[in-house]
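Take 1 as the starting number for the sequence shown in our numbering and just add one per residue.
Beta carbons: idealized from backbone N, C-alpha and C, even for Gly.
One structure is given here, and the rest of the page talks about it.
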Amino acid sequence: MKQSLIGMNLDELREAVTACGGKPFQAGQLAQWLYAKRELNFDAMTNLSKELRAKLAENYSLLTSSVIAREDSGEGTTKLGIRLHDGLVVEAVLMREDERTTACISTQAGCAMGCRFCASGQLGLKRHLTAGEILEEFYHLYEVMKPDWLTNVVVMGMGEPLHNFDNLLKALTILNADWAFNFGARRVTVSTVGLPKRIRELAEQGFQFNLAISLHGVDDESRSALIPTNAGLAEILDAAKYYFEKTRREVTFEYTLVGGKNDDIATAEKLAALVKDFPRANVNLIPMNPVEGSGLDAPSTEAVNAFTEVLQKAGVNVHVRRRRGRRVQAACGQLRLKLESASVGTTDEHG
Ligand code: SAH
């Protein structure tokens, strides 16, 4: 298989260009075409010589994945099923509302975190996506929104981004770099189940990405019941504070409400107390989107309202991801489950 140019940093592009007989500085031109302009046709890269273009096309590939399914909600949301070169399927979602065009992207095929309410967790981890594969999601979404471009990116699709730290960081570095996509770090949000060491490591990279932490419980007992890989609430909150201190970016807490498990008033009060320690307490409530076989249910509307009210009264900045959450983020992994059931079976049979 030819190596893809998508996902290469400037040094790697320089190597590719010079190996094909080009000059080192032409890596910058190639990066402009590839990343800034999202041009996937070598023939259109007119400031590169014909010979260089031919050599690049001969030795390297561009997209290694393809769209095999598309679901339009009719409310500005489009979900893509993307087939990777080895047959695994991940999803990417485009959400358009008012002035915002947001991409929700995946970083792994499957997930190792095992959250009880999550469809991706049921399958376990198939593999990490490479930096190139993560970036390829943007090209597929661009086909849907062309000629518009994104205003925001949320890393809230399939997988645990900080579990695939190096590839995530490489992809986000290329997304942010002025020689590449030049996409503002403050418009990117990384959502994590809460891996304290990795949160600290991300804080030290010198980027201003937004961080969202999936809390889902107010003490380790309740949290571990939903997240078997829970790293410990105290450690996670410490790491979140560290992230804020280093980056000065506010941290958002996501909280999936599961019917009868973590959606009662007493829990809401504990949650308010927990997050009030933070400079500005942001909470996103996500009513659980029921996943077959999970044995868990959505919360009642009354419970969601009562929970929200407790937080509001405590002065917490709280949002409920109701409509959108159902269709997009909260439905994380479900499209892939459906699409892959056949191909996963085949893969397994052949080892
Ligand atoms: N691994 C990352 C990204 C996961 S998806 C993380 O844990 O944050 C983004 C959010 O959707 C997470 O808060 C996740 O817990 C939540 N989520 C996943 N499946 C859900 C479901 N079926 N219903 C409601 N929220 C869900």
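For N41, the closest of K261, L63, F25 and G21 by C-alpha to C-alpha distance is L63. If you ignore the 5 residues before and after R223, its C-beta comes within less than 8 Å of the C-beta of L215, H216, G217, N230 and L233, all in its own chain and listed in chain order.
DSSP places I6 in the coil class of the three-state scheme, outside both helix and strand.
Approximately 6 Å separates the beta-carbon atoms of M45 and R53; this is inside 8 Å, confirming the contact. Runs of the alpha helix (DSSP H) lying entirely within the segment 174-204, each at least 4 residues long, are 196-203 in chain order. The bridge partners DSSP lists for F307 come to none.
Exposed is the label assigned to R70, since fewer than 16 other Cβ atoms lie within 10 Å of its Cβ. When DSSP states are grouped into helix, strand and coil, K126 belongs to the strand group. Within the segment 250-322, the beta strand (DSSP E) runs of at least 3 residues that lie entirely inside it are, in chain order, 251-257, 282-287 and 317-320. Annotation: K2 to H85 spans about 11 Å, alpha carbon to alpha carbon. Residues Y242, Y243, K246 and T247 of the same chain have their beta carbon placed closer than 7 Å to that of A203, with the five preceding and five following residues left out of the count. DSSP links Q108 through a beta bridge to H128.
Here the segment 307-325 lies against the segment 258-276, with 3 or more beta-carbon pairs under 8 Å apart. Taking a contact as a CB-CB distance under 8 Å, the pair A109 and L80 does not count as one, their CB atoms being some 14 Å apart. Minimum Cα-Cα distance from I68 among the listed residues D43, V89, P299 and L296 corresponds to V89.
Of the residues E99, L135, N262 and A314, the one whose Cα lies closest to the Cα of D220 is N262.
A distance below 8 Å between beta-carbons, with the five flanking residues on each side excluded, links T192 to the following residues of its chain, in chain order: E160, P161, L162, R198, I199, L211, A212, I213 and S214. One Cα belongs to A273, the other to P147, and the distance between them is close to 45 Å. Here the C-alpha atom of F25 lies approximately 15 Å from the C-alpha atom of L34. Proximity of the segment 112-119 to the segment 47-61 falls short of the contact definition, fewer than three beta-carbon pairs being nearer than 8 Å. Our two residues, Q29 and L226, have alpha carbons roughly 48 Å apart in a direct line. Shortest Cα-Cα distance from T77 to any of V93, I286 and A171 involves V93.
Secondary structure of I227 (DSSP, three-state): coil. Checking the 8 Å criterion, the Cβ of P196 is out of range of every heavy atom belonging to the ligand SAH. In this structure, S120 has its beta carbon less than 8 Å from a heavy atom of the ligand SAH. Annotation: the continuous beta strand (DSSP E) that includes A212 extends over N210 to S214. Counting C-beta atoms within 10 angstroms of its own C-beta, S120 has 16 or more neighbours from the protein chains shown and is therefore classed as buried. In the displayed model, M95 falls within a strand according to three-state DSSP.
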